[in-house]
Structures are given as structure tokens and as C-alpha cells.
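Asks: Handing you a structure now.
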Amino acid sequence: MMTVSTIASAPIVEADSPDCVVRAAAMLDEGRLVALPTETVYGLAADAGNGEAVAAIFAAKGRPAFNPLIAHVDGLPMAERLCRFDSLSRELAGAFWPGALTLVLPKKENALVHDLVTAGQPTLAVRQPRGIAAQVIAELGRPLAAPSANRSGRITGTDAQAVADDLGGSVALIVDGGAPAIGVESTIVKVEDGVITILRPGGVTAEELANFGAVGRAGGGAAIQAPGMLASHYAPNAAIRLDIDEVREGEALLAFGPDRASGFERAVAVENLSEAGDLRQAAARLFAAMRALDGYGATAIAVEPIPAEGLGEAIRDRLSRAAAPRDGDGIA
Ligand code: TXA
Ligand code: MG
1337 MMTVSTIASA PIVEADSPDC VVRAAAMLDE GRLVALPTET VYGLAADAGN
1387 GEAVAAIFAA KGRPAFNPLI AHVDGLPMAE RLCRFDSLSR ELAGAFWPGA
1437 LTLVLPKKEN ALVHDLVTAG QPTLAVRQPR GIAAQVIAEL GRPLAAPSAN
1487 RSGRITGTDA QAVADDLGGS VALIVDGGAP AIGVESTIVK VEDGVITILR
1537 PGGVTAEELA NFGAVGRAGG GAAIQAPGML ASHYAPNAAI RLDIDEVREG
1587 EALLAFGPDR ASGFERAVAV ENLSEAGDLR QAAARLFAAM RALDGYGATA
1637 IAVEPIPAEG LGEAIRDRLS RAAAPRDGDG IA
């Protein structure tokens, strides 16, 4: 794999320069990544409906894991097209948006958000950021998936130069909006049984939220609530067998690349993550392929070897969580 230092860094444009919004939106529309300032931290943004663009976010993060991402919207109407709002969540959006509050809500079936954004789950995290990011979303007319703009394990990006140093080789454009006003990530909440449950503390305080209802904290800390940690969320009905070299009777086959495992003609169904062996395409197809294969009542899903490099690491991580023994809500 190429290292970042061998790739020229992306251009940095000032947020208030004349075509900044149009230029950023055009690149996002083409499926490229753009680093955008928000009032919390810089985000590494992609068109949330474009699976390969979202896969590129995970690749750019360095040590990729398919944690679900926040869908950034330009206001409540766009959010309502993506999620089903309860009245308290709607009230919170009205009070804090644009701002540092992210709401986790049931995703609508037809929402134009790729499976990789939700990590295949039924809920979606949504937030309306303040400033240029919301203008870019409005120009694009679609939500943006954006984690904080830092490589895994590095400090969250709070200025354009830091983002360029960290991610400059992976993005098409970096928008410089100066230092974010807040500087820490958004507060993530989920309304459960009328209680505002804080999944991750952030820019909006518990005291501010308490003006709107009872506030609770997720038991055991935010890490446990991060759905990527819950093995059961990813568990298909069928068992999963990784790195197979032969397909057994009754199994469905999750294939990768141009060559088939022996006995593939026995498979009750086959989905190929990428004929060409392209890991980004494979990542973009992963959740849909697992769901499709799970519908055949196979004894197991046999998975051809997927290289443990680049996005292959996240794909393998997700599959091995799915393969892990299940005991209710156990943490993988
Ligand atoms: O301020 C912020 O929130 C920044 C800016 C760029 O908006 N974004 C950010 O994204 O911090 P990220 O990806 O670094 O953190 C998002 C968090 C993760 O911990 C993820 O597990 C959680 O949101 N999350 C996303 N979707 C979720 C869902 N459906 N349910 C629960 N947690 C979710
Ligand atoms: Mg982060």
C-alpha cells in the first residue's frame, strides 16, 4: 500500500472563498472525499448514499473498523426523510440544531443512506452541523456521512493543517474554516421510553438537555453503546465460516475475487463481494450480501479468504464478529 507521504496533499480552500461550497459539493457528488469544518470538529465527508465513497472514508481512517457514521443533514426536513422522529427527538432537534447534538433514530426503509453508514443496523445517527458544512449539504441536496477527520488513534482534527497532515492524501479538498467553535465532538443521544439517553457526551451538556426531559446515561459507558461493539447486531441467522478453501453441502458462499473455492457449485447461493478483488467495492457490498445470503436458509455462510490489508481488515473484523458465538447481547 502507498503511504500518505508519497501522495500530494489535497488543496486547502478558505471556507469563505467564492466557489468553495459549489466546488466541495461537486467533488462529493463525484464520490470523492472532502474534509469540512463543523462547529465541533472537522469531518471527513462523503455522499452518504454512495457505498464506495463511504468505504473510502473507512480506508482513509487507517485502521478501519466499520463503526456506524453520523449522517449530516441541512435541516429537519432532510432528517425526517431519513428517520422516524418521536416528538421529544423533534423537540430536541428544534432546540439544538444546527448544533452539537446527534440524534439516534429508527431509519426509514427507503432512506437514501448506504448500509455502510449504519453498519447494517436499523437506526441512524443524524445531526445538522452549523456553517459551511450545512451549506455544502444543501448544495448537494443529500446527506453527508462524516466521522471526525483524523486517522484512527490520532487526535481529532481541529484545524485544516492538522487535517492535511493526517489525511491530505486521501481527500480531494480540505475546506479551511479556522478553529471549530466547540472543539469536541457532538453529544449523541437516543430517546428511549421518554428518557434522553446520552450515548456519548459532547458539545451539548446534560444540563442543557435536562430542560427537555429526564436525562440518562448509557449503562457501562458510550463504548458499549457504540453498536459496532455489539456482536448480535451483525449476527445473521446462518453461522459464518471464514477463510474457507472448500464449500460444504448446504452452505451459501460469500465469494471474493475472480477465482472460486473448490466445491463452489454445491453452494445454495453465491454473492461475490467483488469479482475484481477490489476491497473498496467489497466493503460497499458487504452488508447487503450478508443479508441476501442469510435469506436462503443455508447451514452456514462460507467466506472465501479476504486479504487482511487496507479495508480487508475491517471486512474481516465485521465477518469475524458475525461468526463469533452468540450469547444474547454479549460484547465481542
Ligand atoms: O461532532 C461530531 O459528532 C463529529 C462531526 C464531524 O460531526 N463526528 C463524529 O463522528 O464524531 P465519529 O464517526 O467520529 O463518531 C460517531 C459516533 C461513533 O461513536 C458511532 O459509534 C456513533 O457515533 N454512532 C453512529 N451511528 C450510531 C447509531 N446508529 N447508534 C449509536 N451510535 C451511533
Ligand atoms: Mg471520531
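Taken in order, the sequence shown gives residues 1337 to 1668; the numbers are from the working numbering. Cβ coordinates follow ideal geometry from the N, Cα and C atoms, glycine included.
(1) List, from N- to C-terminal side, the alpha helix (DSSP H) runs of 4 residues or more that fit wholly inside the segment 1440 to 1518.
(2) Which residues in the same chain as S1353 place their Cβ atom closer than 7 Å to its Cβ, once the five residues preceding and following it in sequence are excluded?
(3) Tell me whether I1580 sits in a helix, a strand or coil according to DSSP, three-state version.
(4) Please classify V1358 as buried or exposed, where buried requires at least 16 neighbouring CB atoms within 10 angstroms.
(5) Between the C-alpha atoms of P1465 and E1375, what's the straight-line distance to the nearest angstrom?
(6) Helix, strand or coil, according to DSSP, for G1387 in the structure here?
(7) For the alpha helix (DSSP H) holding G1430, just list the boundary residues, first then last.
(8) I'd like the span of the alpha helix (DSSP H) that includes V1527, first residue to last.
(9) With DSSP as the reference, label G1599 as helix, strand or coil.
(10) Does DSSP put P1563 in a helix, a strand or coil?
(11) Give a yes or no on whether the C-beta atoms belonging to L1324 and V1540 are separated by under 7 Å.
(12) First and last residue of the alpha helix (DSSP H) that includes V1358?
(13) Contact check, I1518 vs V1525 under 8 Å by CB: the rounded distance?
(14) DSSP state of L1651, grouped into three classes?
(15) Could you check the C-alpha separation between S1656 and I1576 for me, to the nearest Å?
(16) Classify S1423 as buried or exposed, calling it buried when 16 or more other Cβ atoms lie within 10 Å of its own Cβ.
(17) Could you tell me whether the segment 1391 to 1403 touches the segment 1462 to 1480, using the rule of 3 or more Cβ pairs below 8 Å?
(18) From I1510 to I1637, what does the alpha carbon distance come to, in whole angstroms?
(19) Strictly closer than 7 Å from CB to any heavy atom of the ligand MG: give me those residues in the order they appear in the chain.
(20) Should D1663 go down as buried or exposed, given a rule of 16 or more other Cβ atoms within 10 Å for buried?
(21) Can you list, in chain order, the residues of its chain whose CB lies under 8 Å from that of L1428, leaving out five sequence neighbours each side?
(22) In the structure shown, what three-state DSSP assignment does I1642 receive?
(23) Below 6 Å, is the gap between the Cβ of G1379 and the nearest heavy atom of the ligand TXA?
(24) At what residues does the alpha helix (DSSP H) containing E1543 begin and finish?
(25) Roughly how many angstroms lie between the CA atoms of N1386 and D1451, to the nearest whole one?
Replies: Working from what's here:
(1) 1451 to 1454, 1468 to 1476, 1496 to 1503
(2) none
(3) coil
(4) exposed
(5) 7 Å
(6) helix
(7) 1423 to 1432
(8) V1527 -> not in any alpha helix (DSSP H); beta strand (DSSP E) instead, spanning 1523 to 1528.
(9) coil
(10) Note that P1563 has pLDDT 46, beneath the 50 cutoff, so the model's placement of it is unreliable and no number is given.
(11) Only positions 1337 to 1668 of the chain appear in this structure, which leaves residue 1324 out of reach.
(12) 1356 to 1365
(13) Not really, about 16 Å apart at Cβ, beyond 8 Å.
(14) Here the sequence assigns Ile to residue 1651, which means Leu is not the residue at that position. Note: I1651 maps to helix in three-state DSSP.
(15) 8 Å
(16) exposed
(17) no
(18) 41 Å
(19) P1483, S1484, N1486, T1492, E1521
(20) Only weak support exists for where D1663 lies, its pLDDT of 47 falling under 50; the coordinates are left without a value.
(21) L1437, L1439, V1525, V1527, I1532, L1545, F1548
(22) coil
(23) yes
(24) 1542 to 1546
(25) 10 Å
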